[in-house]
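Those sequence lines, one after another, are chains A and B. Just so you know, we're using this note's numbering here: the first sequence kicks off at 5 and counts up by one. Just so you know, we're using this note's numbering here: the second sequence kicks off at 127 and counts up by one.
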Amino acid sequence: MPKPEDLLIDTDLRTMPAKPWMETRANFRDGTYSFPGAPKNLKYLGLANPREWSPTDEDWKLPDNWQEIILKGFKERLEKYRSFRLFMDICVRCGACMDKCHFFIGSGDPKNMPVLRAELMRSVYRNDFTTMGRLLGRLGGARELTIDVLKEWFYYFFQCTECRRCSVFCPYGIDTAEVTMIGRELLNLVGLNINWVIEPAANCFRTGNHLGIPPHGLTDMWEFMVDDIEDLTGVKIDLPVNKKGAEILFVTPSGDYFADPGTYTCMGYMMLFHELGLDYTWSTYASEGGNFGLFTSHEMIKRLNAKIYAEAKRLGVKWIIGGECGHMWRVIHQYMETMNGPADFLEEPVSPITGTKFENAKQTKMVHITEFTSDLIKNGKLKLDPSRNDKFRVTYHDSCNPARAAGLLDEPRYVIENVCNNFFEMPENTIREQTFCCAGGAGLGNDENMEMRMRGGLPRANAVRHVRDKHDVNRLLCMCAIDRATLTAMMHYWAPDVEVGGIHELLANALIMEGENERTLDLRGEPFKEEEESEDV
Amino acid sequence: MNAWTSLFSALFIVIALVLISWLGVGVAGTSLFGIVIPYIAIAIFLLGVVARIVQWARVPVPFRIPTTCGQGKSLPWIKADNLESPYNTWGVIGRMALEVLLFRSLFRNTRAELWPGPNVTYASAKWLWLAGMLFHYGFLIIVLRHLRFFIEPVPSFVEAISSVDGFFQILLPTVFISDAIFLIGATYLFLRRVKIPQLRYISLPADYFPLFLLLGIAISGVLMRNVWKVDLLAVKQLALGLVTFHPAMPEAAIGPIFFVHLFLVSVLLVYLPFSKIMHFGGVFLSPTRNMANVNRMERYVNPWNYPVKVHTYEEYEDDFREKMKEAGIPVEKE
Numbered sequence: 005m006p007k008p009e010d011l012l013i014d015t016d017l018r019t020m021p022a023k024p025w026m027e028t029r030a031n032f033r034d035g036t037y038s039f040p041g042a043p044k045n046l047k048y049l050g051l052a053n054p055r056e057w058s059p060t061d062e063d064w065k066l067p068d069n070w071q072e073i074i075l076k077g078f079k080e081r082l083e084k085y086r087s088f089r090l091f092m093d094i095c096v097r098c099g100a101c102m103d104k105c106h107f108f109i110g111s112g113d114p115k116n117m118p119v120l121r122a123e124l125m126r127s128v129y130r131n132d133f134t135t136m137g138r139l140l141g142r143l144g145g146a147r148e149l150t151i152d153v154l155k156e157w158f159y160y161f162f163q164c165t166e167c168r169r170c171s172v173f174c175p176y177g178i179d180t181a182e183v184t185m186i187g188r189e190l191l192n193l194v195g196l197n198i199n200w201v202i203e204p205a206a207n208c209f210r211t212g213n214h215l216g217i218p219p220h221g222l223t224d225m226w227e228f229m230v231d232d233i234e235d236l237t238g239v240k241i242d243l244p245v246n247k248k249g250a251e252i253l254f255v256t257p258s259g260d261y262f263a264d265p266g267t268y269t270c271m272g273y274m275m276l277f278h279e280l281g282l283d284y285t286w287s288t289y290a291s292e293g294g295n296f297g298l299f300t301s302h303e304m305i306k307r308l309n310a311k312i313y314a315e316a317k318r319l320g321v322k323w324i325i326g327g328e329c330g331h332m333w334r335v336i337h338q339y340m341e342t343m344n345g346p347a348d349f350l351e352e353p354v355s356p357i358t359g360t361k362f363e364n365a366k367q368t369k370m371v372h373i374t375e376f377t378s379d380l381i382k383n384g385k386l387k388l389d390p391s392r393n394d395k396f397r398v399t400y401h402d403s404c405n406p407a408r409a410a411g412l413l414d415e416p417r418y419v420i421e422n423v424c425n426n427f428f429e430m431p432e433n434t435i436r437e438q439t440f441c442c443a444g445g446a447g448l449g450n451d452e453n454m455e456m457r458m459r460g461g462l463p464r465a466n467a468v469r470h471v472r473d474k475h476d477v478n479r480l481l482c483m484c485a486i487d488r489a490t491l492t493a494m495m496h497y498w499a500p501d502v503e504v505g506g507i508h509e510l511l512a513n514a515l516i517m518e519g520e521n522e523r524t525l526d527l528r529g530e531p532f533k534e535e536e537e538s539e540d541v
Numbered sequence: 127m128n129a130w131t132s133l134f135s136a137l138f139i140v141i142a143l144v145l146i147s148w149l150g151v152g153v154a155g156t157s158l159f160g161i162v163i164p165y166i167a168i169a170i171f172l173l174g175v176v177a178r179i180v181q182w183a184r185v186p187v188p189f190r191i192p193t194t195c196g197q198g199k200s201l202p203w204i205k206a207d208n209l210e211s212p213y214n215t216w217g218v219i220g221r222m223a224l225e226v227l228l229f230r231s232l233f234r235n236t237r238a239e240l241w242p243g244p245n246v247t248y249a250s251a252k253w254l255w256l257a258g259m260l261f262h263y264g265f266l267i268i269v270l271r272h273l274r275f276f277i278e279p280v281p282s283f284v285e286a287i288s289s290v291d292g293f294f295q296i297l298l299p300t301v302f303i304s305d306a307i308f309l310i311g312a313t314y315l316f317l318r319r320v321k322i323p324q325l326r327y328i329s330l331p332a333d334y335f336p337l338f339l340l341l342g343i344a345i346s347g348v349l350m351r352n353v354w355k356v357d358l359l360a361v362k363q364l365a366l367g368l369v370t371f372h373p374a375m376p377e378a379a380i381g382p383i384f385f386v387h388l389f390l391v392s393v394l395l396v397y398l399p400f401s402k403i404m405h406f407g408g409v410f411l412s413p414t415r416n417m418a419n420v421n422r423m424e425r426y427v428n429p430w431n432y433p434v435k436v437h438t439y440e441e442y443e444d445d446f447r448e449k450m451k452e453a454g455i456p457v458e459k460e
């Protein structure tokens, strides 16, 4: 990797290639693409054309009739998704979206402009599905689906994090995420996928979570956290697992089970629920809210999501709480009930602590943890000492999916403002519905794609750097497990000295628990106060 | 397609259309351009627009996928934004009205710039929004003003629009403000497309063609009104004949510029249903904008939902039962 100050030295948003885009082939440069899905994972999921191959090979070992398969799939989807059909037809190429994509800003590659990313498919659409396109050919903006076009699709549809920022600015609401999702579905039909999507999907299908952790492995990890909590607070918490008849099922991203800093957020949930005396349970079967189906196909979303309602039914819970996770919430909010509902065996969620009815979740019966927690705080049910977090100067990254798919903007802020005293917003063009992506979502958070991640992450990191320099911000909060993993690398590269963490980590720091020891260490085992640190030395 | 090829191919087509009508009206006769072509154009336009909208409307919307641009409805003490993240029909109507009437999303536009450092800055960029407003509202007023040719007696609101529109009597006859506004808007949109490198790069002939066509229509209209004046009474006679289905060419001669104007309008009507101009119909059907963000509140049904292969709990437990028992995790079957 080049040094941060050198990475974008040749990047310019206004200089376009001399060659027209239809005639430019994708260049699979190291660091800007992801490795293909391993055959075993495709086989496990029953997906098409499992084989060893590499994007840099000339021959991608496609089925002989790959064109026919793609065009048939294209037609089917035009008939099944109005969004897709409409978004193929009504773009006027006004360019309002052109500089809204983090990957365009960081790479200067015009095919990362949302309008052009969609044109990669529209050109084929015109050629094969519209009269005008058929009649006029190139003059009508049409081009044939050749192997180079297909390779281009692979390169650019796996260079889109489906964050939907462009959609906010489009006068017709054209959502490139919809186009990318369909694009990836079509690629899947001929066996083109990336391993960082398909392996978690396969793992999730088999074990219930992305990492492929079997049930006994999960309980080990959870117990480990329970021990850590006891060391830090002196409070021994009990951890209900697969408990039948519990009132609430808790589902969170498995990213939070195994890697820092997600684990601290996970410990935060445990401490909160223990302190409330909540009658709830973890599940080893539904041990994942995240859903890499979203990055594979609509069918895969449904296959992976099904376990949540199935487990709620098996355990006989009344309703469900979901943890801090980005695309998990996109799936839960936009797809779950439609795909795997109705959840009529559950009850409308009511907080057992405050009695608040979560009217906004009365159909899915699934409540976001920040909704649950902000209601607790509002009703004065938690004893909090925000001064414990005084060493943190905090900013908040609106994780794309909860922000732009669900509209969860103020709940997390309310929690943050009540658990710490130093909260600073990033500039307004980079937060809330205009938030910038971490550039590692939608399955792109792998290491071989690091250069592209750092490029795409610049807009987010740049805003963080701004508040770091202006307000000495040293902690970036987010409510997404992918963010916690990828923003950590991002900050390390672009905005050193800013650590990443979840909201419930800080909540748990501030939470005064019954029977706790005098707490001097935060969840990371570091002293609450800098002075104590120096005394320790 | 080369950027300039896009521009010039569109320009040549529009120039050819002007020449066809200018010269053609002398060769083929006025009734072809005054009656036959307009009728065909209107028929294609009406059928085409209806067909397109029906075609879209028949495609199901399997999932509720609004883009939320503001706080969604949740707890009662959190202020929800019903216009940016609608939670009921009124919110959806409001959001769509803002979008359609005031171009809300374009109003949000920003310009990103990359500086050494590297550093990214964002500045408000409302020129596209402004030009869009001028262009569309100019066009709307012009269309409404034209109703005076098709309705007798002229409705009072049309009179009112015309008199306000012609308030500044700079020249005689009046130069309409709407004409100027429309021309400014369209010219800006054209220059923007040529001047901004990214936009030039993405532009297709289909982006330039409608702009040139509309500019041609507006310019021929202004010329006809202010330079090569035509007999407006004769024009009205022809228009009334067309709308009352008693088409006849008026006895008084109408200058060829009128037929250029009318022919370009006819071409626009024919082109419209098959082009990106259909965005005016499509915007109402756009699922990210016209659906309420009530996904967790209300049931939504996908008409083609189908069963899929899942990994059931029973299969899962079969895979891991012994280990689960060892770890003290409750199981269904001992």
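Quick reminder that beta carbons are idealized off the backbone N, C-alpha and C, glycines included. For clarity, every value in this text was computed on a predicted model and none was experimentally measured.
So the beta strand (DSSP E) residue i belongs to, where does it begin and stop?
{"i": "B/Cys195", "result": "Neither: B/Cys195 is in no beta strand (DSSP E) and is coded neither H nor E."}
{"i": "A/Gly506", "result": "Glu503 to Gly506"}
{"i": "B/Trp241", "result": "Thr236 to Trp241"}
{"i": "B/Ser250", "result": "Asn245 to Ser250"}
What are the boundary residues of the alpha helix (DSSP H) that includes residue i?
{"i": "A/Gly326", "result": "Premise fails: A/Gly326 lies in the beta strand (DSSP E), Trp323 to Gly326, not in any alpha helix (DSSP H)."}
{"i": "B/Tyr439", "result": "Tyr439 to Glu452"}
{"i": "A/Glu315", "result": "His302 to Leu319"}
{"i": "A/Ile252", "result": "Run containing A/Ile252: none in the alpha helix (DSSP H); it sits in the beta strand (DSSP E), Ile252 to Val255."}
{"i": "A/Ser127", "result": "Pro118 to Phe133"}
If you check the beta carbons only, do residue i and residue j fall under 8 Å apart?
{"i": "A/Met304", "j": "A/Gly297", "result": "yes"}
{"i": "A/Ile357", "j": "A/Leu380", "result": "yes"}
{"i": "B/Val434", "j": "A/Lys306", "result": "yes"}
{"i": "B/Arg415", "j": "B/Glu285", "result": "no"}
{"i": "A/Trp286", "j": "A/Leu243", "result": "yes"}
{"i": "A/Ile151", "j": "A/Phe39", "result": "no"}
{"i": "A/Leu527", "j": "A/Leu236", "result": "yes"}
{"i": "A/Leu49", "j": "A/Phe299", "result": "no"}
{"i": "A/Val172", "j": "A/Gln438", "result": "yes"}
{"i": "A/His337", "j": "A/Ala290", "result": "no"}
I'd like the list of long-range same chain contacts for residue i, defined as Cβ closer than 6 Å, with 5 residues on each side in sequence excluded.
{"i": "A/Ile186", "result": "Arg81 and Phe88"}
{"i": "B/Ala344", "result": "Phe308 and Leu309"}
{"i": "B/Ser135", "result": "Pro331"}
{"i": "B/Asn431", "result": "none"}
{"i": "B/Leu133", "result": "Tyr334"}
{"i": "B/Phe276", "result": "Ala365 and Val369"}
{"i": "B/Gly407", "result": "Ile179"}
{"i": "B/Phe302", "result": "Asp291 and Gly292"}
{"i": "A/Phe32", "result": "Pro59 and Thr60"}
{"i": "B/Ile139", "result": "none"}
{"i": "A/Phe427", "result": "Val398, Ile420 and Glu421"}
{"i": "B/Pro399", "result": "Gly174, Val175 and Arg178"}
Ordered along the chain, which non-local residues of its own chain (more than five positions away) have a Cβ less than 8 Å from that of residue i?
{"i": "A/Ala467", "result": "Met430, Pro431, Thr434, Ile435 and Phe440"}
{"i": "A/Leu190", "result": "Ile74, Gly77, Phe78, Arg81 and Trp157"}
{"i": "A/Pro43", "result": "Pro54, Arg55 and Glu56"}
For residue i, I'd like the list of residues in its chain whose CB is within less than 7 Å of its CB, leaving aside the five on either flank, ordered along the chain.
{"i": "A/Arg97", "result": "Val119"}
### Message
Below 8 Å, how does it come out for the segment 325-345 of chain A and the segment 404-423 of chain A: are there three or more Cβ pairs, yes or no?
### Response
Between the segment 325-345 of chain A and the segment 404-423 of chain A, the count of Cβ pairs shorter than 8 Å is three or higher; the stretches touch.
### Message
With three or more beta-carbon pairs closer than 8 Å as the criterion, would you say the segment 367-387 of chain A touches the segment 497-504 of chain A?
### Response
Contact between the segment 367-387 of chain A and the segment 497-504 of chain A is absent, because fewer than three Cβ pairs lie under 8 Å.
### Message
Pairs of beta-carbons, one from the segment 15-30 of chain A and one from the segment 237-248 of chain B, closer than 8 Å: are there three or more?
### Response
Yes, the segment 15-30 of chain A touches the segment 237-248 of chain B.
### Query
Counting Cβ pairs closer than 8 Å, one from the segment 506-526 of chain A and one from the segment 418-427 of chain A, do we hit at least three?
Taking 8 Å as the limit for Cβ pairs, the verdict is that the segment 418-427 of chain A does touch the segment 506-526 of chain A.
### Message
If contact is defined by three or more beta carbon pairs under 8 Å, each pair taking one atom from either stretch, is the segment 149-158 of chain B in contact with the segment 381-388 of chain B?
### Response
Contact between the segment 381-388 of chain B and the segment 149-158 of chain B is present, because at least three Cβ pairs lie under 8 Å.
### Given 8 Å, three or more beta-carbon pairs between the segment 162-178 of chain A and the segment 261-272 of chain A
Taking 8 Å as the limit for Cβ pairs, the verdict is that the segment 261-272 of chain A does not touch the segment 162-178 of chain A.
### Query
For the segment 167-223 of chain A, which segments carrying the beta strand (DSSP E) assignment without a break, of at least 3 residues, lie completely within its bounds, in sequence order?
Restricting attention to beta strand (DSSP E) runs no shorter than 3 residues, the segment 167-223 of chain A encloses none.
#### Entry: alpha helix (DSSP H) runs contained entirely in the segment 23-92 of chain A, provided each spans 4 or more residues
Qualifying alpha helix (DSSP H) stretches, in chain order: 43-49 and 70-84.
### Inter-stretch contact (C-beta, 8 Å, three-pair minimum) for the segment 308-325 of chain B and the segment 350-360 of chain B
The segment 308-325 of chain B vs the segment 350-360 of chain B: no contact.
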